[in-house]
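Comments concern the structure below.
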Amino acid sequence: MAKLRHVAIQVKEHAKAAQFYVDALGMEIVGQTDSPLASGTYVSDGTVTLALLEYKADEWAGRDKDDIAINHIGFWVEDLDEQSDLIKKNGGTFFKELPLSKDSLYYEMKFRDPNGIIFDVSHNGWVGASK
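Here our numbering is used: position 116 in the sequence shown is 1333, and no number is missing along the way.
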């Protein structure tokens, strides 16, 4: 079975974006790149790496209004309230919780990072996910 280990996100300021994920979610910077395609910073939780990239040309970004893009990414956290405070302190904005009760098996809180990337945090995880 294939295993998800890498998610690439196009951002405007990769170093600033990386610092958000380090400060708000405890990820570690594991690498940087400056190639003819893009400059970027890689952050990881030890299993999955986020590539936070500033593409240098539309050709490499592959972006236009008809592209299908990642909707959101999810983080499994120990303490929702503590994590929520850290996220907000570091420039993230809360916008939704699903469902409306933290007692639900699949409760999650949705945020946007400073670049507008949607992510959610859950203390119970999701179907098929292992902590």
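Just so you know, even glycine gets a beta-carbon here, dropped at the ideal spot from N, CA and C.
Nothing here was measured: the structure is a model prediction, and the numbers come from that model.
Subject >> Stretch pair the segment 1305–1312 + the segment 1260–1274: three plus CB contacts closer than 8 Å >> reply: no
Subject >> Beta-carbon gap between His1231 and Ser1256 smaller than 8 Å >> reply: yes
**OP:** May I have the straight-line CA-CA distance separating Phe1328 from Lys1273, to the nearest angstrom?
**Re:** 27 Å
Subject >> Contacting residues, own chain, Cβ-Cβ under 7 Å from Met1326 (five flanking each side not counted) >> reply: Leu1297, Ser1301, Phe1311, Glu1314, Asp1337 and Val1338
**OP:** From the DSSP output, in three-state form, read off Ile1287 for me.
**Re:** coil
**OP:** Check whether the Cβ atoms of Val1294 and Thr1266 lie closer than 8 Å to each other.
**Re:** no
**OP:** Note down the Cα distance separating Asp1277 from Lys1229, rounded to an integer number of angstroms.
**Re:** The identity of residue 1277 in the sequence shown is Trp, whereas the question assumes Asp. Cα to Cα, Trp1277 sits roughly 15 Å from Lys1229.
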